[in-house]
Amino acid sequence: MDMIEILIDNFFTVPVALLIFALILLKSSIIFVPQNRAYLIERFGKFRSTKEAGLNFLIPFIDRVGADRSLKEQAVDVPKQGAITKDNISLHVDGVLYFRVLDPYKASYGVDDYVFAVTQLSQTTMRSELGKMELDKTFEERDALNTNIVAAINEAAGPWGIQVLRYEIKDIIPPQSVMEAMEAQMKAERVKRAQILESEGDRQAAINRAEGQKQSVVLSAEADKEEQVLRAEGEAKAIIAVADAQAAAIRTVGESANTESGQKAIQLDLATKAIAAKHAIAKESSMVILPDSSTDAGSLVAQATSIISQLNKQA
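To convert, take the position in the sequence shown, counting from 1, and add 1403; that gives our numbering.
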C-alpha cells in the first residue's frame, strides 16, 4: 500500500493526467484514411462529411466514423438459381458480379446492405433476361446476355451509388433430358456435316476426273492432228522430191537423147525391151500372132527411132 501511494504521489500528478488526456484527445482527433477507401463522418448521429485517403482531423467526442466504404472494384459470387427461358426450358444459372462504390454516401444511407441488394438485383435481372431468350440463344449470345444484365442493374442501382462494371455467367445447366436431346442433336449435326463433306469430296473428285478425261481427249486430239499434219507434210515433201527426181531423170534422158550416142543407146534399149516382151508373151501363151512387119526386131527399133525423130522435129 505504501508503494502504491508513493507511485500515485510521484507519477499521477495533475500535469501528467493533463498530458495523458491531451494525448487521448489528439489521438481521437486525427485519423488516417487508407488509399481507395472513404470514411463517412457523423456528428451527433448526423452525416457531416466524407474523408478521403490521407490525413484528416475530427472533433473528439463529437465526430465519429459512421461508415467505412471501400472504393476498390469488388467481386461477388451470385448463387445458383433457377430460370425459365422463352421456350419454357428450366435452367440453373450462376455468375460473378463485378462492381465498385461510386458514392459512399448513397451506398451507406441509400440502402441498408448494398452488397446484398446488388446481388439480389442481379439474380432477378438475370431471370428476367433469360426469360426473353430461347435456350440455344443463351449459349450463343452469352456476351449479349451479360451486357443486358449489366445495363439493367446499373439503371436500378443508380440511387445506391453503385456502378456495375461487368457480369459474367459461370455455368448454364439445363435439365438432364434437355442435355441428352442437345447431345443427340449435336451428334446428328456432326454426322450431317460429315456426310456433306464426304459428298462434296466425291463431287469434286468426279469433277476432277471429268476435267482430266476432257483434257486427255483434247490433248490426244491435238496430238493426232499434229501427227496427221506432219505426216501430210512429209508425204507432200516426198511426192515433191519424187517428182523432182523424175523430172531430173527425164531431163537427163532428154539431154542424152539429143546426141548420137544417146540415139544408139535408146535404140539398143528399145530392142532389148522388145525382145524381153516377146519372150514374156511366149512364156504366157503357146501361140503368138504378130504382124509380118513386126517379126523383125530391127523393124521395131526402126519404127521407134522414127517416132523419136518426129518428136524431136516437133519440139
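For each residue, glycine too, the CB sits at the ideal point set by N, CA and C.
Query: Straight-line Cα distance separating D1506 from I1444; Result: 14 Å
Query: Counted within 10 angstroms of its Cβ, other Cβ atoms place I1423 as buried (16 or more) or exposed; Result: exposed
Query: Identity of the residues DSSP links to N1459 by a beta bridge; Result: I1434
Query: Sequence ranges, beta strand (DSSP E) only - wholly within the stretch 1471-1524, length at least 3; Result: 1477-1487, 1493-1504
Query: Where the beta strand (DSSP E) containing A1441 begins and where it ends; Result: 1440-1446
Query: Reduced DSSP category for I1565 - H, G, I as helix; E, B as strand; rest coil; Result: strand
Query: F1464: first and last residue of the uninterrupted alpha helix (DSSP H) it sits in; Result: F1464 -> no alpha helix (DSSP H), and no H or E assigned at all.
Query: Paired residues, beta bridge with D1574 - DSSP; Result: D1497
Query: Continuous beta strand (DSSP E) stretch holding K1454: start and end; Result: 1449-1454
Query: Endpoints, alpha helix (DSSP H) assigned at E1543; Result: 1538-1543
Query: Helix, strand or coil at Q1588 [DSSP, three-state]; Result: helix
Query: Closest residue to P1578 among L1524, N1491, L1548 (Cα-Cα distance); Result: N1491
Query: A1560 burial status per 10 Å Cβ neighbour count (16 or more: buried); Result: buried
Query: Sub-9 Å separation of K1483 and V1496 beta-carbons; Result: yes
Query: Test item: CB-CB of M1529 and A1587 under 9 Å; Result: no
Query: Burial state of F1502, where buried means 16 or more other Cβ atoms lie within 10 Å; Result: buried
Query: Stretch pair the stretch 1430-1448 + the stretch 1466-1485: three plus CB contacts closer than 8 Å; Result: yes
Query: Exposure label - E1614; buried when at least 16 CB within 10 Å; Result: exposed
Query: Secondary structure of G1469, DSSP reduced to three states; Result: strand
Query: Helix, strand or coil at A1597 [DSSP, three-state]; Result: helix
Query: K1617, DSSP secondary structure in three states; Result: helix
Query: Expected contact under 8 Å - CB spacing of N1549 and I1572 to nearest Å; Result: 6 Å
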